[in-house]
């Protein structure tokens with residue numbers, strides 16, 4: 108999906124009253140999660156804060172049956188009241 112789809116979804120959640128939005132990405136999608144957080148913070152929602160970042164790993168089974176350990180990144184975004 109295009110980057111702006113994720114940015115728009117986050118803005119919609121904040122506008123509908125969400126206090127916390129969590130961006131969760133695995134593997135190659137981590138770059139996009141970081142870009143979404145930065146774009147929200149610098150261009151669209153000036154008072155958004157990155158309240159927490161969690162770096163982890165997750166074991167998944169690939170389509171061909173191999174076990175893979177993928178990096179996982181969670182970025183918690185919040186707007187102070």
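Numbering (my numbering), first residue to last: 108 to 188.
Glycine included, C-beta positions come from ideal geometry on N, C-alpha and C.
Treat the numbers as computed from the prediction; the structure is a model and nothing was measured.
Please identify the residue among the options whose C-alpha is closest to the C-alpha of residue i.
{"i": "residue 186", "options": "145, 137, 124, 180", "result": "124"}
{"i": "residue 126", "options": "157, 175, 167", "result": "157"}
{"i": "residue 138", "options": "167, 128, 117, 110", "result": "110"}
DSSP three-state call for residue i: helix, strand or coil?
{"i": "residue 112", "result": "helix"}
{"i": "residue 133", "result": "strand"}
{"i": "residue 176", "result": "strand"}
{"i": "residue 122", "result": "helix"}
Go through its chain and collect everything with a Cβ distance to residue i's Cβ below 7 Å, but skip five positions before and after it.
{"i": "residue 144", "result": "130, 157, 182, 184"}
By Cβ distance below 8 Å, which residues in the same chain neighbour residue i in space, the five residues on each side in sequence not counted?
{"i": "residue 160", "result": "180, 181, 182, 183"}
Just the C-alpha distance for residue i and residue j, rounded to the nearest angstrom, thanks.
{"i": "residue 173", "j": "residue 165", "result": "13 Å"}
{"i": "residue 154", "j": "residue 121", "result": "11 Å"}
{"i": "residue 177", "j": "residue 151", "result": "30 Å"}
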